[in-house]
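Residue numbers (numbering that gives the first Met the number 0), protein chains in the order written: chain A, 0 to 336; chain B, 0 to 336; chain C, 0 to 336; chain D, 0 to 336. Glycine included, C-beta positions come from ideal geometry on N, C-alpha and C.
4 protein chains.
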Amino acid sequence: MLFVVTVRIGVIGVGVMGADHARKLDAQVAGAAVTAIADFDEQKAKAVAAEMRAATVAADSFELIGSADVDAVVIASRDSTHAELALAAIAAGKPVMCEKPLAPTAAECRTVVDAEAARGIGLVSLGFMRRFDPAYVELKRRITAEELGDVLVAHAVSRTVTSGPGGDSAATITNSAIHELDVMPWLLGSPITAVSWHSGRSSRHSEFRQDPQIMLLRTESEILITVEIFLNARYGYDTRCEVVGELGAAALTTPAAVVVDRDRRRSVAYPADWIPRYSDAYRLELQEWVDAIVQGRPSTLATAPDGLRASLVADALVESMNNGSMTVRVSGTFAGQ
Amino acid sequence: MLFVVTVRIGVIGVGVMGADHARKLDAQVAGAAVTAIADFDEQKAKAVAAEMRAATVAADSFELIGSADVDAVVIASRDSTHAELALAAIAAGKPVMCEKPLAPTAAECRTVVDAEAARGIGLVSLGFMRRFDPAYVELKRRITAEELGDVLVAHAVSRTVTSGPGGDSAATITNSAIHELDVMPWLLGSPITAVSWHSGRSSRHSEFRQDPQIMLLRTESEILITVEIFLNARYGYDTRCEVVGELGAAALTTPAAVVVDRDRRRSVAYPADWIPRYSDAYRLELQEWVDAIVQGRPSTLATAPDGLRASLVADALVESMNNGSMTVRVSGTFAGQ
Amino acid sequence: MLFVVTVRIGVIGVGVMGADHARKLDAQVAGAAVTAIADFDEQKAKAVAAEMRAATVAADSFELIGSADVDAVVIASRDSTHAELALAAIAAGKPVMCEKPLAPTAAECRTVVDAEAARGIGLVSLGFMRRFDPAYVELKRRITAEELGDVLVAHAVSRTVTSGPGGDSAATITNSAIHELDVMPWLLGSPITAVSWHSGRSSRHSEFRQDPQIMLLRTESEILITVEIFLNARYGYDTRCEVVGELGAAALTTPAAVVVDRDRRRSVAYPADWIPRYSDAYRLELQEWVDAIVQGRPSTLATAPDGLRASLVADALVESMNNGSMTVRVSGTFAGQ
Amino acid sequence: MLFVVTVRIGVIGVGVMGADHARKLDAQVAGAAVTAIADFDEQKAKAVAAEMRAATVAADSFELIGSADVDAVVIASRDSTHAELALAAIAAGKPVMCEKPLAPTAAECRTVVDAEAARGIGLVSLGFMRRFDPAYVELKRRITAEELGDVLVAHAVSRTVTSGPGGDSAATITNSAIHELDVMPWLLGSPITAVSWHSGRSSRHSEFRQDPQIMLLRTESEILITVEIFLNARYGYDTRCEVVGELGAAALTTPAAVVVDRDRRRSVAYPADWIPRYSDAYRLELQEWVDAIVQGRPSTLATAPDGLRASLVADALVESMNNGSMTVRVSGTFAGQ
């Protein structure tokens, strides 16, 4: 047995997402170990800690961040806590991987961006995992290799089985569409500069929010993007993306390993939620985050300014929603851009 | 050999489309024979007539319409001639199958609708062949059978290899998008009441028109439809349509009979143009048109009012195009609706 | 209305297959009309005749064949009657389209081949409709165009929902596998010269026959073909064919016009039986048969010698089945080859 | 930084396969580090060692196996060395992951099986990585869940771009088909008891071996399996597997993340070799191997007896090949079964 350098990670928030991160970091990522868990539900924290190779339960999130046994922090607690905890990690000088969104509002995002800039080093990585999804990566590779020629339009669709309880129409934008608002500029190599939001019939399975929603996004490079977000699509968890260029088009396939013939149908299965769909993306994202820490270099994950940028686009969409689907320009300059 | 009743058909205009109609009517449709051909290019008329079992070349379109050897007329000449020729056929009391569009402007369409209404019987059928495409028919069957629950949004994409020479941005709407403007209301069972038109980067392979174009359509039933028309898509002739409902979604597949593995790729072929893609649709449309004539009943093809309706939606899109992508309501009432 | 030359067709046997032929000939084929129907079930004959434009019910099959109102004959009655009726049509000098198989035994097939040869003209066409299926035609086109290089192996699969009542293991070969025994040599351009028959577990849904069955066929050109025939596959009617060459492979796709997303599945539908799967093939086959009669030329349908050839291969497979899966050479020479 | 228990691994043979294992173990597997490399090509050994976090180059394979800095051994050297090195690892009492095959002959495999049995603990794991491929795992899950009913037949196809230089027809069986001989019994839950080997035309791109080859395998449970191995298939690296049961069928899909529309084609890409196709399988296999070592339990990888079993089936196939495709029973009993 060898004793080698290992990044000691504290995980704050072990709901579905945080527990999955903790398990991946401890059991599937090279060079890392989860050493501390914090959750307002102590039983849950204990249960997840017991699954780890060598983790203890922290009294609270701030104790975890400050702990001498924690080299780096994962924030997977409620959205409203993200900014405050990220600021604490920055203050402690520890690398932090914060689940999206960086904060529920652009204003709060800005405090983190500013704090990080003041500190002078990039400590904050954001969990926009699609950037590590092998399918998106392959799509970007083909765009970059100019297989499609200059990109002209793109179509994105995000559908989930159910929106779950609570949440209004704006939450669809800030919490779900936010993935598109990050990944499309990353994919197309150009920020979003103008948006409009559109709605028609809403599903009776959606109580409090317009569902589905249609959005038009325009990049600085004048690519027009249509986006459909449909949270109560019921049939399955389904992310689609097609990019259309001057020479051709490329799209994500429906990921499926097995096709079944039964009952007069040839079919592939949809996952019920994002966990299996993005399992590889999360693992690769966490591996890159750990590798970057070990090697003392910036990670290739989304940054705090990326998070602010996505948040500003989301704000513009909410403004369009509240103003008769008018076209809204995304507010542009900020520290860190 | 038996001598049975056969509908004698005159075909006006034997370019790519008209020649294809003539061949199908004479060689693949039961109960019909092409007996007369008219085309301003007499050599072309003669060549196509020679392929028919028993056709002569008419001196001109009006002679053809008036000929005692012609029971019914197909109009496949230039768009600008459609209305005039349709009016002549109505005046002659002969059933007419007019290629889309009924006329380049809604105003002209209206003259045909009014003339037909004055005559008191439905003589005009329109060549919106997608209504007979087995794939669209199957899609409509599933919607009608409520397999998807109430429809909420739909996505349509029409791509062609090249726009050919000439034509401006408005022509994309009135000549190409027009298929979507007819088929989507037919598919969804509700007329289009409001539209907006959007554009971004345009392909350098398109000289005189914005290409691609994005359109948002709203049906009376509040279904929101996104439409992409991309005439210089180059990679192939490709029609897509997805309908999303409360319980599920359904879409046209890429039609392909054979899949080939070669050169590190698994691929299916795209057709170069609409002829192979809609070959079955044209044949079935023509068979239904002939059957209806033989049986003395209205055909199930699109009607003159349908043509006017599509034209009014096209006009609204052109208005949006000329007015900063603003939302335009489709002008509503007309004779024959 | 015009009176044009029309082939008057008598249809013998109007079960599922014969009634479908009658309907297609009368309503979807140019230049043909069904004028006589014969069936041992007179009610059924009357019902189908009533659907035709101008058909009467014949007293029996032989009266139909001899009728002055019948120019050509379709045989779609029981397999055991095919040879006798084909002989009568040959004797009457009338073109005949006989459903497969030409006869249940090679010996009977030979009587038809010989009678036709004695007559000196090709009167018999066989209903091996796969030769007209657009997918098989496309597959053959790609082979002929040498897209795949020299063909080395092929894989064929025929699955149906249920075998229906009755029938033994040999019937699977002579009645179902017979389609493969005709289409594969046609596709690959080389006759089958040796075969072996293999079996393992049999489905409990098959009472009296081994099901599925695996066959190995070898063409004169040394292409090795695996065949699976599974009649009680239950999940759907499914024909598959893959051809593998030195440069690549090509295969039939699963034909489907619409894909549906529902209940955690993305699926396309299988037909319940062969009628929808081969609807186009039947129509095109019948059109070609009628065209050839009108034009006084041999049709491109399978011939009586083709039927005998397939039957000899079937006999060799039955011999292998009865002799421990040994390899059996197909008996080679016969009149008409 | 934390110091945690880590399995120190020595890798013997760093050709394409071994270098890939070393990289995955050191950079993508939790709880492992590569500490020693041996290769007869010292430059190559040094280069790969330099990529590791903390590895040295061993003088030779036996020094590596005996090294105090090596807890467990990966054997990825030439096939002919596998048995000898595995025996050395067993003698050293160290867990060993040996690439397939365990040995080129069943007799040599048996020496390893016996040596391990004599030692009394399971030290040998075999790199039959398909057992860890998520697609095969999903296929097995569906079989086990009885979604397909009792399995009746199966079809396997393994195609590669080129066979590379050297190798005869027997090598196709012992080196390539061997994967099918391991994975099909694992998938179907029943050992192979009888086989036959078949050949037809051979590709002109194959100099010294029959290519493609067709095999029929029969399991103890009487499932009949067709196998095609085609090493010079040229078009791509392609593994297919379909399992057909009483209620339905299930098959591996063509793995592809992105579909591209260009040049009149809609296509997905094939990999050039097995590395990308089975990248996940290798990683998961290595992680399980390491986890089992850390937890002191037998891994779920294939065992030495599994390797012997596959080798005995391969021998039977070679016997069939050398004896006119006769059916050969697999020799059955051995220590460790």
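**Asked** Under three-state DSSP, which class holds D:Q212?
**Response** strand
**Prompt:** Shorter than 9 angstroms from the beta carbon of B:V317 to some beta carbon of chain A?
**Reply:** no
**Asked** What first and last residue would you give for the beta strand (DSSP E) that runs through A:I177?
**Response** Per DSSP, A:I177 belongs to no beta strand (DSSP E); it is in the alpha helix (DSSP H), I177 to L187.
**Prompt:** When we look at the beta-carbon of C:M325 and count the other beta-carbons within 10 Å, is it buried (16 or more) or exposed?
**Reply:** exposed
**Item:** Min CB distance D:A29 to chain C below 9 angstroms
**Value:** For D:A29, no CB of chain C lies under 9 angstroms from its own CB, so it is not counted at the interface with that chain.
**alpha helix (DSSP H) runs contained entirely in the segment 112-155 of chain B, provided each spans 4 or more residues** = 133-143
**Request:** Return yes when the Cβ of C:I8 is within less than 9 angstroms of the Cβ of C:V33, no when it is not.
**Result:** yes
**Prompt:** How would you list, in chain order, the residues of chain B whose beta-carbon sits under 7 angstroms from the beta-carbon of D:G247?
**Reply:** Those within 7 angstroms of D:G247 in chain B number zero; the least Cβ separation is about 21 angstroms.
**Message:** List, in chain order, every chain A residue whose beta-carbon is nearer than 9 angstroms to that of C:R264.
**Reply:** By Cβ distance, chain A contributes Y234, G235, V259, R264, S266, V267, A268 and Y269.
**Request:** Measure from the C-beta of B:N231 to each C-beta in chain A and report whether the shortest distance is under 9 angstroms.
**Result:** yes
**Asked** Does any CB atom of chain C fall closer than 9 angstroms to the CB of A:A26?
**Response** no
**Item:** Three-state class that DSSP yields for C:A334 in the structure shown
**Value:** Residue confidence for C:A334 is low, a pLDDT of 40 falling below 50, so the modelled location carries little weight; the figure read from the coordinates is stated next. Residue state, collapsed to three classes: coil.
**Message:** To test your reading of the DSSP string, which unbroken alpha helix (DSSP H) runs of 4 or more residues are found completely within the segment 219-254 of chain D?
**Reply:** none
**Asked** Beta-carbon separation of A:S220 and B:R203 under 9 angstroms?
**Response** no
**Asked** So is B:G199 in contact with chain A if we call contact Cβ pairs under 9 angstroms?
**Response** yes
**Request:** Determine contact between the segment 287-303 of chain C and the segment 145-153 of chain C, defined as no fewer than three beta-carbon pairs at a distance below 8 angstroms.
**Result:** The segment 287-303 of chain C is not in contact with the segment 145-153 of chain C.
**Request:** Please say whether A:P100 and A:S298 have beta carbons closer to each other than 9 angstroms?
**Result:** no
**Request:** Give the DSSP-derived three-state secondary structure of A:M16 in the structure shown.
**Result:** In the three-state DSSP reduction, A:M16 falls in the helix class (H, G or I).
**Message:** Counting only beta-carbon separations shorter than 9 angstroms, does B:T253 have a partner in chain D?
**Reply:** Taking a beta-carbon distance threshold of 9 angstroms, B:T253 counts as an interface residue toward chain D.
**Prompt:** Name the chain C residues that come within less than 8 angstroms of B:L138, Cβ to Cβ?
**Reply:** Below the 8 angstroms Cβ cutoff, chain C contributes A256 and V257 as neighbours of B:L138, in chain order.
**Request:** Determine, using beta carbons only, whether C:L215 comes closer than 9 angstroms to chain D.
**Result:** yes
**Prompt:** Under the DSSP definition of a beta bridge, which residues are partnered with A:W196?
**Reply:** In the DSSP output, where bridge partners are listed per residue, A:W196 has A:M214.
**Item:** Closest residue to B:G188 among B:R158, B:V150 and B:G126 (Cα-Cα distance)
**Value:** Taking only the C-alpha atoms, the option nearest B:G188 is B:V150.
**Rounded C-alpha distance that separates A:G335 from A:P103** = Below a pLDDT of 50, predicted positions are generally treated as unreliable, and A:G335, at 42, falls in that range; the measurement from the model is reported next regardless. Rounded to whole angstroms, A:G335 to A:P103 spans 19 angstroms at the Cα level.
**Stretch-stretch touch, CB-based, cutoff 8 angstroms, three pairs: the segment 11-24 of chain B with the segment 35-51 of chain B** = yes
**Item:** Host alpha helix (DSSP H) of D:I274 (start-end)
**Value:** Where D:I274 is concerned, the enclosing alpha helix (DSSP H) stretches over W273 to R276.
**Asked** For A:I172, which option in A:W185, A:R141 and A:Q209 has the closest C-alpha, if you only look at C-alpha atoms?
**Response** Comparing Cα positions, the closest option is A:Q209.
**Asked** Name the chain D residues that come within less than 9 angstroms of A:T299, Cβ to Cβ?
**Response** Chain D residues near A:T299: none, gap ~15 angstroms exceeds 9 angstroms.
**Request:** Can you tell me which of the three DSSP states D:G306 falls into?
**Result:** helix
**Message:** Can you find the residues in the same chain that come closer than 7 angstroms, C-beta to C-beta, to A:A105, ignoring five residues on each side of it along the sequence?
**Reply:** Non-local beta-carbon contacts of A:A105 in its own chain, meaning distances under 7 angstroms to residues more than five positions away in sequence, involve L307, S310, L311 and D314 in chain order.
**Message:** For a test of the three-state rule: what should DSSP assign to D:T171, helix, strand or coil?
**Reply:** helix
**Asked** For B:K124, which residues in chain A fall below 8 angstroms Cβ to Cβ?
**Response** Lys is not the amino acid found at residue 124 of chain B; the sequence shown has Ser there. Under the 8 angstroms cutoff, chain A gives no residues; its nearest Cβ is about 31 angstroms from B:S124.
**Limits of the beta strand (DSSP E) - the one that C:V73 falls within** = A71 to I74 is the extent of the beta strand (DSSP E) around C:V73.
**Message:** With a threshold of 9 angstroms between beta-carbons, can D:H81 be considered close to chain C, or not?
**Reply:** For D:H81, the answer is no, since every Cβ of chain C falls outside 9 angstroms of its Cβ.
**Message:** Once DSSP output is grouped into helix, strand and coil, what is the label at B:D25?
**Reply:** Of the three classes helix, strand and coil, the one that applies to B:D25 here is helix, per DSSP.
**Prompt:** At least one CB of chain B closer than 9 angstroms to the CB of A:I172: is that the case?
**Reply:** No, A:I172 does not count as interfacial toward chain B.
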